[in-house]
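Visitor:
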Amino acid sequence: MARLGMIHVLCLIIFTLTNTSHSLNEKPQAFLQPIRKDIATNLYYSPLSLGVDAHNINLAIDLGGSAPLLLSCAAAAKSRSYHPIKCGSSRCIQAKPDPLSCPTTNTSKKATCHKSFSTSFTEKPLKARLLRDTVSLLYTDNGFTYMGGGIDMTMTIACTDVNVDPLVKPFPSIVVGTLGLARTPTALPSQIVSLYKLHSKVALCLPSPNSGESSGTGSLFIGGGPYFMALYPEDISKIFASTPLLPSDQSRGEYFIDVNSIQISGKIVPFLKKTTKICTLAPYTVLHGSIYKALVSAFPEKAKMMTKVPAVKPFGSCFSSKGLGRWMMGSRVPVIELVLRGGAKWKIYGSNSLVKVSKDVVCLGFVDGGMNLPMGMIIGGYQMEDHFVEFDLEASKFSFTSSLLLINSSCSQSRHF
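Per mature numbering (1 follows the signal peptide of the UniProt record, and there is no 0), the sequence shown runs over residues -23 to -1, 1 to 394.
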């Protein structure tokens, strides 16, 4: 019986690894892309394959990106299946190009379709060319492992001349563009959710280089749960806390929540109430100048067992790391709580509040955004690491866990079978 059971399991494994469809007939539970962190730039990015020749590229995770994929045109042109989208074509019309971007007079040569897209890299929308190409995305049928080699789909994507336009800064060298996850009809979630009739949900688990498996990666889910993590027996969504997502500019589709108050180990920090944006391209949480001063003043008062040392830029409050332990989650490190609309509390423990800047020094990992910052805070990537977060676009709800380190898990996991 044991031998028959083993044969049955092996047959299931072989079937799972070989039965990978590359068409619309395959309906995944969700698309599941790996997320990596570049230590030099603090950039979170996802590797994927572009074109029929499976050209491997890295794209920055951009919650404010309204283009599904926004590449440098030089990178896009390396694909053998690259095709510019021409004015007057059905894809151009569906994309709703910029006014006056397509000539109204009849010409023998059709112009390339152009459209402006928002991105967290730039303050103003970026004018880009539209093109179509094959994109391969990994997927899951069980909420935990990647299934086979991915699903290929022909998509409308965009490229910009980052090295030609003087107003456009080149992308960091680790990436050739962005993966747009904004709440807009043109962003990646809207395109594939519509195509595969999935739940309109985007979930992130940003990896920390200091936790989890050394070979592991974080996770980007598009299409909903269940979500499973190593060393935790249940769907992680069962321990979610939630707060409403606030309306945003429809052209940008960024993600905003309400933070009603900030507490440090129970003490309320004076707080100028403004909206809060969530942005993975901000390495650390950026605070309005008034909130930053209050936080930097209040944290040391509650961290009396921690020894202050001279500040290290760009941080304003630093401490000796001696005796804090690897995760800095003991009683010596005050817990910062963001009290959200509806009463949910986003608890930030030492592993997400303190940044190790040298062998013996850690700093409070928040940055002064100045008095002219138009919002109360921008929650950055470092404070999100090892937290599982979900953006439910249908219910306009933001859900999150506390640090997964508290349940002996992390975002850095291997999801290959």
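For glycine and all other residues, C-beta sits at the position ideal for the given N, C-alpha and C. Note that the coordinates shown come from a computational prediction; the quantities given were computed from them, not determined experimentally.
Where T18 and I151 are concerned, what is the direct C-alpha to C-alpha distance, given to the nearest angstrom?
Guide: Residue 18 sits at position 41 when you count from the first residue of the sequence shown. Residue 151 sits at position 174 when you count from the first residue of the sequence shown. Roughly 8 Å between the two C-alpha positions.
Visitor: Between P149, L47, S58, T131, which has its C-alpha nearest K104's C-alpha?
Guide: Counting from 1 along the sequence shown, the entry for residue 104 is found at position 127. If we check each option's Cα against that of K104, L47 comes out closest.
Visitor: In chain order, what residues of the same chain have a beta carbon less than 6 Å from the beta carbon of F233, not counting five sequence neighbours either side?
Guide: Locating residue 233 in the sequence shown gives position 256, where the first residue counts as 1. Closer than 6 Å at the Cβ level, and outside the excluded window around F233, lie L223, S225, T252, K254.
Visitor: Just to confirm my understanding: we take S185, look at its own chain, exclude 5 residues before and 5 after, and list those with CB closer than 6 Å. What are they?
Guide: Your numbering for residue 185 matches position 208 in the sequence shown. If we look at S185 and ignore the five residues flanking it on each side, its Cβ neighbours are E362, D363.
Visitor: Might you give, ordered along the chain, the residues of its own chain that have their beta carbon closer than 6 Å to the beta carbon of D138, omitting 5 neighbours on each side?
Guide: As a working mapping, residue 138 is identified with position 161 in the sequence shown. Taken in chain order, the residues that qualify are C50.
Visitor: Do T220 and A321 count as a contact pair if the criterion is CB distance below 7 Å?
Guide: Start at 1 with the first residue of the sequence shown, and residue 321 comes out as number 344. Start at 1 with the first residue of the sequence shown, and residue 220 comes out as number 243. Contact: yes.
Visitor: Tell me whether D30 is buried or exposed, calling it buried when 16 or more other Cβ atoms sit within 10 Å of its Cβ.
Guide: Reading the sequence shown from its first residue, position 53 is the one you call residue 30. Exposed, since its Cβ has fewer than 16 Cβ neighbours within 10 Å.
Visitor: Below 6 Å, is the gap between the Cβ of S150 and the nearest heavy atom of the ligand GTP?
Guide: Among the components of this structure there are no ligands whatsoever, and the ligand GTP is therefore not found.
Visitor: Using 8 Å as the threshold, is the segment 274 to 289 in touch with the segment 373 to 386, meaning 3 or more CB pairs across them?
Guide: With the cut-off at 8 Å, the segment 274 to 289 and the segment 373 to 386 do not touch.
Visitor: By how many angstroms is the C-alpha of V310 removed from the C-alpha of L382?
Guide: Walking along the sequence shown from the start, residue 382 turns up at place 405. Walking along the sequence shown from the start, residue 310 turns up at place 333. So the two alpha carbons sit approximately 15 Å from each other.
Visitor: Counting beta carbon pairs with one atom in the segment 319 to 334 and one in the segment 191 to 200, are three or more of them shorter than 8 Å?
Guide: They do not touch, by the three-pair rule.
Visitor: Residue range of the beta strand (DSSP E) that S236 falls in?
Guide: In the sequence shown, counting from the first residue as 1, residue 236 sits at position 259. The question names Ser, but residue 236 in the sequence shown is Val. Where V236 is concerned, the enclosing beta strand (DSSP E) stretches over 233 to 241.
Visitor: Can you name the start and end residues of the beta strand (DSSP E) that residue 395 belongs to?
Guide: Residue 395 falls outside the range modelled here, since the chain spans only -23 to 394, and no answer is possible.
Visitor: Using alpha carbons as the reference points, say which of E314, I62, N349 lies closest to D110.
Guide: The residue given as residue 110 occupies position 133 in the sequence shown. Looking at the Cα atoms, I62 is the closest of the given residues.
Visitor: Run through DSSP, which three-state label would Q390 get?
Guide: Sequence index remark: in the sequence shown, residue 390 carries index 413 (1-based). Reduced to three states, the DSSP call for Q390 is strand.
Visitor: Identify whether P166 lies in helix, strand or coil by the three-state DSSP scheme.
Guide: Your numbering for residue 166 matches position 189 in the sequence shown. Three-state result, P166: helix.
Visitor: For the beta strand (DSSP E) containing G266, list its first residue and its last residue.
Guide: Indexing the sequence shown from 1 puts residue 266 at position 289. Per DSSP, G266 belongs to no beta strand (DSSP E); it is in the alpha helix (DSSP H), 266 to 279.
Visitor: Taking the alpha helix (DSSP H) that S68 falls in, what are its first and last residues?
Guide: Here residue 68 refers to the residue found at position 91 when the sequence shown is read from its first residue. Here residue 68 turns out to be Arg, not Ser, going by the sequence shown. It spans 67 to 72 - the alpha helix (DSSP H) in which R68 sits, taken as one unbroken run.
Visitor: State the start and end residues of the unbroken alpha helix (DSSP H) segment that holds N329.
Guide: Taking the sequence shown and counting its residues from 1, one reaches residue 329 at position 352. Here the alpha helix (DSSP H) through N329 covers 327 to 330.
Visitor: For the structure I just gave you, are there three or more beta carbon pairs, one from the segment 6 to 24 and one from the segment 111 to 121, closer than 8 Å?
Guide: Short answer: they touch.
Visitor: From K92 to P76, what does the alpha carbon distance come to, in whole angstroms?
Guide: Counted from its first residue, the sequence shown places residue 92 at position 115. Counted from its first residue, the sequence shown places residue 76 at position 99. Taking the straight line joining both Cα atoms gives about 9 Å.
Visitor: Quick check on Q6: does DSSP put it in helix, strand or coil?
Guide: Locating residue 6 in the sequence shown gives position 29, counting from the first residue. Coil at Q6, not helix or strand.
Visitor: Going by beta-carbon coordinates alone, are L197 and L36 separated by less than 7 Å?
Guide: Residue numbering aside, residue 197 sits at position 220 when the sequence shown is read from its first letter. Residue numbering aside, residue 36 sits at position 59 when the sequence shown is read from its first letter. Not closer than 7 Å, so no.
Visitor: Count the other CB atoms, across all protein chains shown, that sit within 10 Å of the CB of E367; report buried if there are 16 or more and exposed otherwise.
Guide: Position 390 of the sequence shown, counted from the start, is the residue given in the question as residue 367. Classification for E367: buried.
Visitor: In chain order, which continuous runs of the beta strand (DSSP E) of length 3 or greater are located wholly inside the segment 336 to 370?
Guide: Entirely contained in the segment 336 to 370, the beta strand (DSSP E) runs reaching 3 residues are, in chain order, 338 to 341, 343 to 345, 354 to 356, 365 to 369.
Visitor: Need the endpoints of the beta strand (DSSP E) that Y37 sits in, please.
Guide: To locate residue 37, count along the sequence shown from 1; it is residue 60. According to the sequence provided, residue 37 is Ala. The question's Tyr does not apply to it. Segment 32 to 39, the beta strand (DSSP E) holding A37.
Visitor: Output the boundary residues of the beta strand (DSSP E) element that contains A135.
Guide: What you label residue 135 is simply residue 158 of the sequence shown in a count that begins at 1. Note, A135: beta strand (DSSP E), 128 to 137.
Visitor: Just the C-alpha distance for D129 and S26, rounded to the nearest angstrom, thanks.
Guide: By 1-based counting over the sequence shown, the position of residue 129 is 152. By 1-based counting over the sequence shown, the position of residue 26 is 49. Rounded to the nearest angstrom, the two C-alpha atoms are 9 Å apart.
Visitor: Report all residues from its chain with a CB closer than 6 Å to the CB of V273; omit the five preceding and five following residues, and keep chain order.
Guide: Position 296 of the sequence shown holds residue 273. Answer for V273: G293, S294, listed in chain order.
Visitor: Compare the beta carbon distance of S97 and G41 with 7 Å and say whether it is the shorter of the two.
Guide: The residue you call residue 97 lines up with position 120 of the sequence shown. The residue you call residue 41 lines up with position 64 of the sequence shown. Closer than 7 Å, so yes.
Visitor: P291: which of T284, K281, L264, I313 sits nearest, CA to CA?
Guide: In the sequence shown, residue 291 corresponds to position 314, counting from 1. Cα-wise, what sits closest to P291 is L264.
Visitor: Would you call the CB atoms of S238 and L370 closer than 7 Å?
Guide: Translated into positions along the sequence shown, residue 238 becomes position 261. Translated into positions along the sequence shown, residue 370 becomes position 393. Not in contact: S238 and L370 (Cβ atoms no closer than 7 Å).
Visitor: Put Y209 into one of helix, strand or coil per three-state DSSP.
Guide: Counting from 1 along the sequence shown, the entry for residue 209 is found at position 232. It is coil, neither helix nor strand.
Visitor: Have a look at L317, S113, Y173 and flag the residue whose alpha-carbon is nearest the alpha-carbon of D235.
Guide: Counted from its first residue, the sequence shown places residue 235 at position 258. Nearest of L317, S113, Y173 to D235, Cα basis: L317.
Visitor: K285 to V339, Cα distance in whole Å?
Guide: Counting from one through the sequence shown, the residue named residue 285 turns up at place 308. Counting from one through the sequence shown, the residue named residue 339 turns up at place 362. If I take the Cα positions, the gap works out to 10 Å.
Visitor: Residues in its own chain within less than 7 Å of S380 by CB, not counting five upstream and five downstream?
Guide: Against the sequence shown, residue 380 aligns to sequence position 403. For S380, where only same-chain residues beyond five positions count, the Cβ hits under 7 Å are Y326, S328, N329, D363, H364.
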